[in-house]
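Structure first, commentary second.
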Amino acid sequence: MKFFIDTANLSEIEEAYDMGVLDGVTTNPSLMAKEGITGEENVRNHYKAICDLVDDKVSAEVIATDYDAIIREGKELAKIDDKIVVKIPMIRDGIKAIKYFHSEGIRTNCTLVFSAGQAILAAKAGASYLSPFIGRLDDISYDGLELIQQIVHIYGNFGFETEVLAASVRHSMHLVKCAEIGADVVTCPLKVITGLLKHPLTDSGLAQFLSDHNKAAGKLT
Ligand code: G3P
5 MKFFIDTANL SEIEEAYDMG VLDGVTTNPS LMAKEGITGE ENVRNHYKAI
55 CDLVDDKVSA EVIATDYDAI IREGKELAKI DDKIVVKIPM IRDGIKAIKY
105 FHSEGIRTNC TLVFSAGQAI LAAKAGASYL SPFIGRLDDI SYDGLELIQQ
155 IVHIYGNFGF ETEVLAASVR HSMHLVKCAE IGADVVTCPL KVITGLLKHP
205 LTDSGLAQFL SDHNKAAGKL T
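Here my numbering is used: the sequence shown runs in plain steps of one and ends on residue 225.
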């Protein structure tokens, strides 16, 4: 299972990469805006800075919503670095654009996915990654994890190559459940990744080991 970090914050990306468990980065226009990154050139430079921090797979989202503009913008984003994956919304022109980029060997991430039907369309078009949003479904009383399970099952039926990239992952149990279900990738904030470290028995056990060691070492001196 791959871990992507869902942020445009450079120090968070660095911290996750430094842990040695990071496989990629996803961003979206809201996350870029949160970092105060606006204007074409600043956005491009920021994506380049992210690419320079990690090994591969940096999702950069298009703002355009009509086919020609998505193609133009996607090509510009792909030119920034070989690590870029062009992130495209689940709309009719987006699906057409995904098909085009697939034929050109440019990787895509189909985003804003909320149903199995949408997942089938994206896979048929040749998306490299599919981003179903778990947390946002949970927010409106639908079961986000159930959707991941359904999509993993459907993709398995037909051997679709599109990787299921669980997004809008809000807490560590979302992540663990996605692993159980067999999602290929999970993208989440840094706190969800570091949350996996935590267990009270680890903390108390370590404190005990260190205290016993220090007591024994004290007796020897
Ligand atoms: O990758 C999509 C993700 O950023 C959405 O997360 O928490 O805003 O629903 P959230």
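Just so you know, even glycine gets a beta-carbon here, dropped at the ideal spot from N, CA and C.
Span of the beta strand (DSSP E), counted from its first residue to its last, around residue i
| i | result |
| --- | --- |
| residue 10 | 6 to 10 |
| residue 198 | From DSSP, residue 198 is part of no beta strand (DSSP E) but of the alpha helix (DSSP H) over 194 to 199. |
Identity of the residues DSSP links to residue i by a beta bridge
| i | result |
| --- | --- |
| residue 113 | 91, 133 |
| residue 28 | 8 |
| residue 65 | 91 |
| residue 191 | 8 |
N-terminal and C-terminal residue of the alpha helix (DSSP H) that residue i is part of
| i | result |
| --- | --- |
| residue 167 | Element bounds for residue 167: not the alpha helix (DSSP H) but the beta strand (DSSP E), 167 to 170. |
| residue 47 | 44 to 57 |
| residue 156 | 148 to 162 |
| residue 118 | Note, residue 118: premise wrong, no alpha helix (DSSP H); not H, not E. |
| residue 138 | 138 to 143 |
| residue 202 | Looking at the DSSP string, residue 202 is not in any alpha helix (DSSP H), and its letter there is neither H nor E. |
| residue 108 | First-last for residue 108: undefined, no H or E at that position. |
| residue 78 | 71 to 84 |
| residue 22 | 14 to 23 |
| residue 173 | Careful: residue 173 lies outside any alpha helix (DSSP H) and carries neither H nor E. |
Short CB-CB distance (under 9 Å) between residue i and chain C
| i | result |
| --- | --- |
| residue 38 | Of the chains in the structure shown, none is chain C; there is only one protein chain. |
8 Å contact criterion, which residue i and residue j should meet: CB distance rounded
| i | j | result |
| --- | --- | --- |
| residue 158 | residue 187 | No, residue 158 and residue 187 are not in contact; Cβ-Cβ is about 13 Å, not under 8 Å. |
| residue 17 | residue 58 | 7 Å |
| residue 66 | residue 51 | The Cβ separation is near 12 Å, so there is no contact. |
| residue 131 | residue 166 | 5 Å |
| residue 78 | residue 110 | 7 Å |
| residue 137 | residue 171 | 5 Å |
| residue 156 | residue 168 | 6 Å |
| residue 12 | residue 36 | 5 Å |
| residue 148 | residue 139 | 6 Å |
| residue 197 | residue 7 | 6 Å |
| residue 87 | residue 60 | 5 Å |
(request) Taking 8 Å as the threshold, find out whether the stretch 142 to 152 comes into contact with the stretch 124 to 134 through three or more Cβ pairs. (result) no
(request) Would you check if the stretch 109 to 116 and the stretch 82 to 99 touch, i.e. whether three or more CB-CB distances between them fall below 8 Å? (result) yes
(request) Report yes or no: do three or more beta-carbon pairs, one from the stretch 182 to 197 and one from the stretch 16 to 28, lie closer than 8 Å? (result) yes
(message) Quick test of the definition: if touching needs 3 or more C-beta pairs under 8 Å, does the stretch 67 to 74 touch the stretch 37 to 45?
(response) no
(message) Counting beta carbon pairs with one atom in the stretch 210 to 218 and one in the stretch 161 to 180, are three or more of them shorter than 8 Å?
(response) no
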